[in-house]
Structure formats: structure tokens, C-alpha cells
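First residue of the sequence shown? That's 1 in the UniProt record's numbering, and the numbers climb one at a time after it. Note that beta-carbon positions come from the ideal geometry of N, C-alpha and C, so glycine has one too. Structure record follows, encoded as C-alpha cells.
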Amino acid sequence: MLGRPGLSRTGSFRPENLGQNALHMIGNLCFTIFVIGVLVFTIIAATYEPEDPLFHPSTKLTTFLTSTSNATFQSDNTVVKTGEDFMAANQTAFATFINVTDVVEIKEERTDQTSSSECEGDSRKPLNCRDPEVFHLMMKEAIERFKDIHFYRFGKPAPGPEENTCDMAWRFRPKEGKTAAFYKDYRRFVINRSENCTLSVLSIGDYHSGVNARKRKNKNQKPGFEKTSGRQEQVVAALPVVGETVNDLLPVVESENAFSRGKYLIYVGGGDRCKSMNHYLWSFLCALGEAQYLNRTLVMDLKLCLSSIYTSSNQDEEGKDFRFYFDFEHLKEAASVLDHEQFWQDWNKWQKKDGLSLHLVEDFRVTPMKLSEVKDSLIMRKFGLVEPDNYWYRVCEGETESVVQRPWHLVWKSRRLMDIVSAIASKLNWDYDSVHIVRGEKARNRDLWPNLAQDTSPDALISTLQNKIEDGRNVYIATNEPDTSFFDPLKDKYSTHFLDEYKDLWDENSEWYSETKNLNNGVPVEFDGYMRVSVDTEVLLRGKKQIETFNELTNDCKDGINTCNTASS
Numbered sequence: 001m002l003g004r005p006g007l008s009r010t011g012s013f014r015p016e017n018l019g020q021n022a023l024h025m026i027g028n029l030c031f032t033i034f035v036i037g038v039l040v041f042t043i044i045a046a047t048y049e050p051e052d053p054l055f056h057p058s059t060k061l062t063t064f065l066t067s068t069s070n071a072t073f074q075s076d077n078t079v080v081k082t083g084e085d086f087m088a089a090n091q092t093a094f095a096t097f098i099n100v101t102d103v104v105e106i107k108e109e110r111t112d113q114t115s116s117s118e119c120e121g122d123s124r125k126p127l128n129c130r131d132p133e134v135f136h137l138m139m140k141e142a143i144e145r146f147k148d149i150h151f152y153r154f155g156k157p158a159p160g161p162e163e164n165t166c167d168m169a170w171r172f173r174p175k176e177g178k179t180a181a182f183y184k185d186y187r188r189f190v191i192n193r194s195e196n197c198t199l200s201v202l203s204i205g206d207y208h209s210g211v212n213a214r215k216r217k218n219k220n221q222k223p224g225f226e227k228t229s230g231r232q233e234q235v236v237a238a239l240p241v242v243g244e245t246v247n248d249l250l251p252v253v254e255s256e257n258a259f260s261r262g263k264y265l266i267y268v269g270g271g272d273r274c275k276s277m278n279h280y281l282w283s284f285l286c287a288l289g290e291a292q293y294l295n296r297t298l299v300m301d302l303k304l305c306l307s308s309i310y311t312s313s314n315q316d317e318e319g320k321d322f323r324f325y326f327d328f329e330h331l332k333e334a335a336s337v338l339d340h341e342q343f344w345q346d347w348n349k350w351q352k353k354d355g356l357s358l359h360l361v362e363d364f365r366v367t368p369m370k371l372s373e374v375k376d377s378l379i380m381r382k383f384g385l386v387e388p389d390n391y392w393y394r395v396c397e398g399e400t401e402s403v404v405q406r407p408w409h410l411v412w413k414s415r416r417l418m419d420i421v422s423a424i425a426s427k428l429n430w431d432y433d434s435v436h437i438v439r440g441e442k443a444r445n446r447d448l449w450p451n452l453a454q455d456t457s458p459d460a461l462i463s464t465l466q467n468k469i470e471d472g473r474n475v476y477i478a479t480n481e482p483d484t485s486f487f488d489p490l491k492d493k494y495s496t497h498f499l500d501e502y503k504d505l506w507d508e509n510s511e512w513y514s515e516t517k518n519l520n521n522g523v524p525v526e527f528d529g530y531m532r533v534s535v536d537t538e539v540l541l542r543g544k545k546q547i548e549t550f551n552e553l554t555n556d557c558k559d560g561i562n563t564c565n566t567a568s569s
């Protein structure tokens with residue numbers, strides 16, 4: 001020990017300081033980790049660019065425009081979803097329907113009344129369609145004949161063209177209806193009176209054959225017979241009634257004074273034209289939502305450009321009318337809207353005289369909240385030429401998304417198109433199953449869909465469907481296979497039906513043709529690709545059983561190989 005040099009001990013290595021030094025080192029290490037974490041987060045935040053919300057949607061857009069199911073006929077992005085698709089079909093509210101016993105009870109209550117149908121020995125006496133006995137007979141026959149629907153209201157019968165015919169209308173829903181809607185039908189009854197004055201129904205006409213009972217119901221007019229509750233009346237008021245006469249004439253401002261007192265919002269320009277219907281509706285509802293938030297009338301252009309994905313020419317087609325595709329009557333009754341042509345006529349007439357002012361906004365980042373205090377008569381949002389910043393829906397992004405709500409309940413599908421859907425379902429007595437069969441390009445692309453062509457061949461379909469659909473059933477097939485005779489082998493087991501089987505519902509002799517022609521200033525309207533897909537899809541969705549291509553007919557993924565988990569998420 002005496003010959004060895006002693007170790008020099010600095011203050012930092014003294015035993016009494018080691019614990020303090022360890023704490024300092026741990027503290028420095030934690031601080032370093034914190035700084036690195038902040039730096040990484042800052043770099044990510046600075047370089048991150050959010051996806052386009054239309055094509056990679058937010059939670060709200062996902063809820064409304066996509067389906068959690070892998071069913072192609074539900075999530076097909078070529079068909080837009082509208083407000084009524086998101087209404088819950090509250091079955092309790094639909095429980096008060098008319099039974100045949102209700103009609104019998106009403107008839108028995110009136111047995112002491114003198115009936116005008118008493119022929120007093122003359123069986124050839126003209127039939128009185130207003131006679132309660134005739135009315136009750138017609139109601140009873142309708143309920144017993146159409147067993148797959150529930151009746152909620154019968155209108156008073158009207159005389160038909162022949163002495164032994166009466167027309168009667170009724171409001172109904174299919175017994176297994178999945179959509180929140182009512183339907184209206186009116187049919188012609190041929191009634192026989194025997195020698196002893198007994199009445200019987202010889203026949204009931206086809207869907208909408210009783211045109212004399214079609215007239216639009218006056219809100220103050222009492223129906224012939226209904227059994228309603230207060231809850232049901234509220235439900236009826238909030239739901240579309242398919243089959244009623246449509247009044248979608250353009251609204252007009254009553255007077256100069258009313259126009260000058262109004263406040264208006266208009267969107268001009270932008271890159272939304274000729275895009276998909278989903279894109280159009282997402283942007284239009286943003287504008288409508290802002291107008292409601294600002295308590296202003298939305299000035300809208302009813303002329304649309306139909307995207308080439310829906311046209312037979314494969315070209316974008318201008319000049320389509322909003323009313324061809326959506327329920328404008330419901331929109332104008334539930335919201336404050338004006339057609340832009342009528343608006344500009346009134347504006348040019350009274351703007352200078354009444355000192356009406358305009359507030360121009362050319363940046364979509366100016367939020368509706370910043371415009372809430374604007375006093376000018378007209379707020380005009382003008383959009384530029386650069387996509388995607390010139391899309392209308394950009395106004396509703398960011399902080400605006402939680403403030404301005406898109407009013408989905410204001411936009412319903414065209415009741416004219418839905419009436420075609422109702423007509424097809426009625427021709428099938430609302431008693432059919434449906435199958436969606438995707439073929440076309442996907443069936444030809446064996447790299448992405450290796451089994452689809454084989455799995456949707458007639459032999460494979462017969463084998464797959466035999467355990468899903470009973471033999472002899474009506475089966476509605478929605479398919480993109482152009483040659484429907486391809487499915488002829490299925491006729492040995494089922495009564496198959498396709499959309500083109502019902503062309504008479506939109507041909508030149510149809511109600512749809514004449515009404516849309518009148519809307520289009522006398523120019524015939526093509527039953528275009530969007531209308532076809534929309535009707536095809538809605539008929540499919542009303543089948544009692546609905547068989548999907550993907551998941552049920554084939555194990556291939558809807559969007560190609562190895563995408564099933566993505567599609568279902």
C-alpha cells in the first residue's frame with residue numbers, strides 16, 4: 001500500500017455524490033427523449049396532407065354514402081343514397097293498419113241505414129260507387145286479394161268509365177317493407193250485381209288502372225276510411241308517399257316587397273359539374289346546409305350535367321333536370337329554395353330600384369360562421385378553376401363540419417322513379433326474392449376475380465340458389481350481363497324477371513314519359529343509365545330475400561383479390 005500512488009478522487013466521483021449524479025443523468029435522458037418526440041411529431045404535422053374527404057370520407061360521409069355490408073347492390077357507388085334511406089322504419093308506428101275485420105265491423109254498424117244499392121227488383125239499375133255497401137265490398141276484396149301488403153287508408157270510390165266499374169285508391173306498405181315510405185295505388189274494380197241484388201267483384205285491374213281515383217288528396221278532405229293514431233299521422237307527414245300526384249313546379253316570389261326583404265345565398269362556378277351523383281349531392285347538401293345555417297334562401301341551378309358513367313353515349317351530358325332524379329316537391333316544401341333563372345330575372349328587375357347589395361366570397365376558407373353577420377341581400381360564393389379547391393364541399397370542411405350540418409332529410413329520390421319501382425314490385429305482388437349478379441368486366445378479369453365467371457354461370461347459380469330460394473318463386477335479377485338469355489336455364493326452377501321486362505313503365509305511353517316530357521319543355525327525356533341503375537337497385541332492395549354476388553354467390557372479393565377485409569371495414 002505504501003509504494004502505490006493514491007487514486008485522486010474528484011468531487012463528482014465521491015460516494016456521497018453518486019446518487020445525485022444518477023438522477024441528473026436520468027433526467028437528461030428523459031429530456032432528450034421528449035425533445036426527439038416533439039421533433040418527430042412536428043415533422044409529421046408539417047408534412048401530413050389529409051386525403052380528399054369525398055374519396056376517403058370522414059365519419060359522416062362514410063355513414064351516409066357507404067354501407068357496412070359487402071353487398072354490392074347496397075354499396076355500389078353509382079347509386080346515391082338520399083334522406084329516406086337513413087330513416088328508421090319504425091314498425092310500431094306502422095302497426096295501425098286496416099284488417100278485413102275492421103271493414104266488416106263498419107259495415108255491420110250501418111246495416112240499419114238504407115242502402116242506395118237496394119235494387120228493388122231491378123238488377124240492371126246503375127251502380128252507385130258511393131254506396132257504403134259497394135265501398136265495403138271493394139275494401140274487403142282488396143284486403144283479401146293483396147295478402148302481402150298492409151292497407152292504411154282507402155279513398156272514396158269514384159265511378160269508372162262503364163256502369164259496372166268503380167275506381168278506388170289506397171295507401172299501403174308491403175308487409176315486410178324495409179324502407180320508411182308509404183305507397184299509393186288506385187285500381188279499377190268490375191262489379192256484378194245478381195238478380196237478387198247481391199254484389200260481387202268480378203275483377204281488379206292492374207297497378208294504377210283506376211285513374212279516376214288518382215286525384216291529389218286535399219289536406220282538408222276526409223278519407224273514405226282509415227284507422228290511424230296520432231303517432232302514425234306524424235310518421236305519415238314525415239315520409240314520402242310514392243304514387244301521389246307530383247307537384248314540382250318551380251317556386252316564385254310573391255311580390256317585389258317579398259323579394260327585397262329576402263336574404264339569399266348562391267354558389268357560382270366550381271369543378272363539381274359532370275361528376276358522380278355522390279359528388280354532386282355531397283356538394284349540393286353543403287350549400288343547402290350553409291343556406292340553412294345563415295337563414296337564407298338557396299338559389300340553385302336545377303340543370304345538371306350527367307356524368308359519362310351514367311350515359312349511353314359515354315359522354316358527359318348537360319341539360320338534365322334536378323327533378324328527373326330527386327323529389328323537388330319535398331325540397332321546396334321543407335326548405336327555402338329558388339331556381340336561379342327566376343332569381344336573376346327578379347334581381348335584375350328590382351336590384352337597383354330597391355338598393356339590394358351583393359357580398360362576394362371567392363375563398364372557400366371563409367367559413368359560414370364569418371358570414372353570419374353579413375347584412376347584404378345576396379351572398380355569392382364564387383369558385384375558381386383549380387380542382388379540388390373549387391369543389392363546393394370544401395366550404396363544409398374543417399371547423400365548419402361540426403357547425404353546419406348537411407340536411408339529408410331534405411333530399412329524397414324522385415317519386416316518379418320510385419313509382420316505377422312500386423309498379424314493378426306490385427306486378428310481382430310484392431312477393432319475390434332478388435339476386436344481384438355482377439359479371440361484365442369483373443367476370444372477364446380473372447387476375448382480380450379468378451372465380452367470378454364460373455361462380456355466376458347458370459349451372460353454378462342453380463346449385464348455389466337451391467338452398468337459398470324455394471323452387472317456383474318469383475326471382476328478380478339485377479345484373480350487368482347485357483344478354484339476359486344467358487340466365488335462361490334458371491327458368492326451369494324459378495320465374496325470373498329483369499328490368500327490361502317492364503319497359504312499358506317508361507316508354508312513350510307511360511305516365512313517367514309524359515310527365516318528364518312536360519318538365520323538359522316538351523322534349524322527350526331518355527330513361528338514362530342512372531335512372532336504370534337506381535330503379536334496378538330499389539326493386540332489388542324490396543325483395544323478401546336478397547342474395548348478394550360477393551359473400552353469397554362467390555368467395556371473390558368485391559374490389560379484387562385480397563381486398564375482402566378492406567371492403568368490409
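Could you tell me whether the Cβ atoms of residue i and residue j are closer together than 8 Å?
i: I469; j: V539; result: no
i: W392; j: D272; result: yes
i: V404; j: Y293; result: yes
i: F189; j: M168; result: yes
i: I204; j: L127; result: no
i: V242; j: M380; result: no
i: E84; j: Y152; result: no
i: Y280; j: L250; result: no
i: I149; j: P174; result: yes
i: L356; j: W350; result: yes
i: L490; j: L461; result: yes
i: Q535; j: L417; result: Per the sequence shown, the amino acid found at residue 535 is Val instead of Gln. Yes. Within cutoff.
i: F326; j: S414; result: yes
i: C557; j: T563; result: yes
i: D528; j: Y207; result: no
On the DSSP bridge assignment, give the partners of residue i in chain order.
i: T165; result: V190
i: H330; result: Paired residue(s): none; H330 is not in a bridge.
i: K558; result: Answer by DSSP bridge pairing: none, since K558 is not bridged.
i: G269; result: F383
i: I149; result: P174
i: Q226; result: Checking the sequence, you will find Glu at residue 226 rather than Gln. Paired residues: R153.
Going by C-alpha distance, which of the options is nearest residue i?
i: E162; options: N212, N518 and H497; result: N212
i: L307; options: D504, Q315 and D301; result: The residue you asked about is not Leu; residue 307 is Ser in the sequence shown. Measuring from the Cα of S307, the nearest candidate turns out to be Q315.
i: A453; options: G355, D504, T554 and V475; result: T554
i: V337; options: C564, D148, L410 and V535; result: L410
i: G543; options: S434, E318 and R171; result: S434
i: D301; options: Y325, F284 and D339; result: D339
i: A478; options: H497, L465 and L490; result: H497
i: D389; options: V366, K175, C197 and C557; result: V366
i: E341; options: I266, S377 and F154; result: I266
i: W170; options: E141, K178 and G529; result: E141
i: G560; options: D455, Y502 and R446; result: R446
i: E397; options: W512, K125, L202 and C286; result: C286
i: Y494; options: G155, G472, P482 and N295; result: G472
i: P159; options: I36, Y186, G262 and K517; result: Y186
i: residue 587; options: W344, N451, K382 and D492; result: Past the edges of the chain, shown from 1 to 569, lies residue 587, and the structure says nothing about it.
i: A238; options: S426, H436 and M87; result: M87
i: F172; options: A95, G262, A335 and A443; result: A95
i: R261; options: Q466, D492, N295 and E387; result: N295
i: V253; options: E333, G177 and D346; result: D346
i: S313; options: Y530, K332, T537 and E515; result: Y530
Mind checking which residues open and close the beta strand (DSSP E) that includes residue i?
i: T479; result: N474 to T479
i: I437; result: D433 to I437
i: G319; result: E317 to D321
i: L338; result: V337 to D339
i: K442; result: Not the beta strand (DSSP E): K442 falls in the alpha helix (DSSP H), residues G440 to R444.
i: C274; result: No beta strand (DSSP E) contains C274, which DSSP labels as neither H nor E.
i: C305; result: K303 to L306
How would you write the range of the alpha helix (DSSP H) that residue i sits in, first residue to last?
i: G205; result: It is not in any alpha helix (DSSP H) - G205 carries neither H nor E in the DSSP assignment.
i: D419; result: R415 to K427
i: I462; result: P458 to L465
i: M300; result: Element bounds for M300: not the alpha helix (DSSP H) but the beta strand (DSSP E), T297 to M300.
i: C286; result: M277 to Y293
i: L452; result: L452 to D455
With a threshold of 7 Å (Cβ to nearest heavy atom), would residue i be considered close to the ligand FMN?
i: P524; result: You won't find the ligand FMN in this model; it holds no ligand whatsoever.
Problem - Whole beta strand (DSSP E) elements within the region 506 to 565, 3-residue minimum - result: The qualifying runs do not exist here; there are none.
Exercise for the section: Ignoring anything shorter than 3 residues or poking outside the region 346 to 392, list the beta strand (DSSP E) runs there in chain order. Expected result: 358 to 361 and 378 to 383
Handout entry: Any alpha helix (DSSP H) of 4 or more consecutive residues that is wholly inside the region 241 to 270
Key = 256 to 261
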